[in-house]
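J.: Numbering (my numbering), first residue to last: 5 to 238.
This is the structure, below, for whatever I ask next.
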Amino acid sequence: MTDTPITTHLNFPALTSHERYIQRIRDLASTGSPDSDALLTEGGTLFAQLKAVNRATNVATRDHKQRTAEARQAMDHTHLGLQNLMYERRHFEKEIEKCRQFASIYQDIPLYSLDEFMSLAPQEARTDDALQNDHQLMLNRLSFELVERQRLDEGKKRLVAERDNLLKESREQQAKLDVINSQIERLSKAGMEAQSKVTELVPVDATEAEPKTDHMMDIAPEQPATPPPAVNEE
Numbered sequence: 005m006t007d008t009p010i011t012t013h014l015n016f017p018a019l020t021s022h023e024r025y026i027q028r029i030r031d032l033a034s035t036g037s038p039d040s041d042a043l044l045t046e047g048g049t050l051f052a053q054l055k056a057v058n059r060a061t062n063v064a065t066r067d068h069k070q071r072t073a074e075a076r077q078a079m080d081h082t083h084l085g086l087q088n089l090m091y092e093r094r095h096f097e098k099e100i101e102k103c104r105q106f107a108s109i110y111q112d113i114p115l116y117s118l119d120e121f122m123s124l125a126p127q128e129a130r131t132d133d134a135l136q137n138d139h140q141l142m143l144n145r146l147s148f149e150l151v152e153r154q155r156l157d158e159g160k161k162r163l164v165a166e167r168d169n170l171l172k173e174s175r176e177q178q179a180k181l182d183v184i185n186s187q188i189e190r191l192s193k194a195g196m197e198a199q200s201k202v203t204e205l206v207p208v209d210a211t212e213a214e215p216k217t218d219h220m221m222d223i224a225p226e227q228p229a230t231p232p233p234a235v236n237e238e
């Protein structure tokens with residue numbers, strides 16, 4: 005940025021008078037007029053006017069310096085604001101690039117296809133406006149996917165609870181069967197022990213005859229054969 009020289013903006017209205025008074029004083033000094041009083045009077049007047057012009061010049065200089073400082077301060081403030089805007093722009097550009105390169109999880113999970121979404125999703129999720137906006141369509145598909153997965157998860161939890169209840173009942177029934185089997189084994193063992201004691205107490209002949217008697221009792225007596233009917237020879 006090229007700075008414009010400040011002197012080009014300065015406007016001293018008394019500058020010409022200032023130079024004219026100085027030239028007049030020089031002329032009076034060079035002429036050597038014999039009237040010294042008139043010379044002193046005119047010289048004093050010229051010096052007074054020269055001082056007035058000098059004061060006006062100083063006031064104008066201070067005024068222009070003040071305005072220059074204010075303009076520079078405003079320019080610095082504007083430049084700082086421009087730097088901040090450029091910094092924010094670079095920051096936003098980086099964030100936009102990060103968002104473009106962001107790999108979301110929905111890119112790796114299976115979603116309902118567009119045809120399935122069109123046939124299964126509610127009507128408010130597949131309006132014409134949503135179908136024409138790719139971003140809104142993807143949001144609606146993700147929302148529908150979330151609702152469906154929650155519904156399926158609830159069904160899974162319900163089935164798991166039913167399975168656990170069935171397993172619990174099965175374990176309870178198995179425990180009852182184990183108790184019954186142990187009781188049967190104890191009864192069988194007690195019966196075998198009782199039979200062994202009875203065998204020791206009862207004589208061998210009686211024990212052998214008893215089964216035969218029981219065997220004979222189990223066999224039903226045979227019925228006599230029915231005679232055939234008499235044949236008439238006439």
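Heads up, the beta-carbon is just placed ideally off N, CA and C, and yes, glycines get one too.
Model, not experiment: these values are computed from the prediction.
Is the stretch 88–99 close to the stretch 127–135, with three or more CB pairs under 8 Å?
T.: Because the criterion of three Cβ pairs below 8 Å is not met, the stretch 88–99 and the stretch 127–135 do not touch.
J.: So R145 and F121 are supposed to be a Cβ contact under 8 Å. How far apart are they, rounded?
T.: Rounded, the Cβ-Cβ distance is 5 Å, consistent with contact.
J.: Does the distance from the CB of L115 to the CB of E158 come in under 8 Å?
T.: Cβ distance not < 8 Å, so L115 and E158 don't count as in contact.
J.: Under 8 Å by Cβ, that's how I've got L141 and L135 pegged, so tell me the actual separation to the nearest angstrom.
T.: Right, their Cβ atoms sit about 6 Å apart.
J.: By a C-beta neighbour count over all protein chains shown, 10 Å radius and 16 as the cutoff for buried, is V202 buried or exposed?
T.: Exposed.
J.: So for T131, helix, strand or coil by DSSP?
T.: Reduced to three states, the DSSP call for T131 is coil.
J.: How would you label D138, buried or exposed, when you count the other beta carbons within 10 angstroms and need 16 or more for buried?
T.: Label assigned to D138: exposed.
J.: Tell me which residue opens and which closes the alpha helix (DSSP H) that V183 is part of.
T.: Per DSSP, V183 belongs to the alpha helix (DSSP H) from D138 to L205.
J.: Could you compute how far the alpha carbon of D198 sits from the alpha carbon of L205?
T.: Note on identity: in this sequence residue 198 is Ala, with Asp being the wrong assignment. Their backbone Cα atoms lie some 11 Å apart in a straight line.
J.: In the DSSP assignment, the alpha helix (DSSP H) including S123 goes from what residue to what residue?
T.: From DSSP, the alpha helix (DSSP H) with S123 extends over L118 to L124.
J.: Tell me whether V164 is buried or exposed, calling it buried when 16 or more other Cβ atoms sit within 10 Å of its Cβ.
T.: That one is exposed.
J.: Secondary structure at F106, three-state DSSP: helix, strand or coil?
T.: Reduced to three states, the DSSP call for F106 is coil.
J.: For H81 and K102, what's the separation of their Cα atoms in angstroms?
T.: Looking at the two C-alpha atoms, the distance is approximately 31 Å.
J.: Do you know how far the Cα of V57 is from the Cα of L84?
T.: Cα to Cα, L84 sits roughly 40 Å from V57.
J.: Rounding to the nearest angstrom, what Cα-Cα distance links D168 and L181 in this structure?
T.: If you take the alpha carbons of D168 and L181, they lie about 20 Å apart.
J.: Under three-state DSSP, which class holds L54?
T.: DSSP places L54 in helix when its eight states are reduced to three.
J.: Taking DSSP as the reference, what is the three-state secondary structure of I100?
T.: Helix, per DSSP.
J.: Which class does L84 belong to by DSSP, given the choice of helix, strand or coil?
T.: Three-state result, L84: helix.
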